[in-house]
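Numbering (this note's numbering), first residue to last: 6 to 167.
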């Protein structure tokens, strides 16, 4: 991890529906702390039904706020490395179906930046406003944070989605 770069505030969504979900989320959070940056806050874990596909395995989800010196692309590479280290073998592409997974880490927000690198990286996360579990977790740690595209606080977006 670079030490001299200015810090950015990023928000990540984490989920697991395979294996020891609590342990996998806890390990992912430790790896985020060790490999990405300083954790500012962690949302409580919530159990949810799978989003975008059917499965008998519910997800355990959370969100974290992290101060990091990493660029958006470095952050993406590091989150994918953490996923692989914790057993994730395949990250779906936008045109592929979702599936069960031991860990999923999505970059929700990176400061107030808007980034569109096609299938590689989109920030804000293009599905976050459609996912109630993401908005619930994010609202619990950053209710007044303004979504850079919607230009509304996360708590307002949650109340509109509920």
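Built from N, CA and C at the ideal position, the CB exists for glycine as well.
Quick caveat, the model's predicted, so the values are computed rather than measured.
Residue pairing by DSSP places residue 68 opposite 18 in a beta bridge.
Beta-bridge analysis with DSSP links residue 158 to 151. By the beta-carbon neighbour count (other beta carbons within 10 angstroms, threshold 16), residue 78 is exposed. One Cα belongs to residue 122, the other to residue 26, and the distance between them is close to 31 Å. Under the DSSP assignment, residue 145 falls in the alpha helix (DSSP H) whose first and last residues are 137-146. Residue pairing by DSSP places residue 52 opposite 65 in a beta bridge. In chain order, 30, 33, 67 and 110 place their CB closer than 6 Å to the CB of residue 19, counting only its own chain and leaving out the 5 sequence neighbours on each side. Taking each of 135, 127, 160 and 45 in turn and checking the Cα distance to residue 14, the smallest one comes out for 45.
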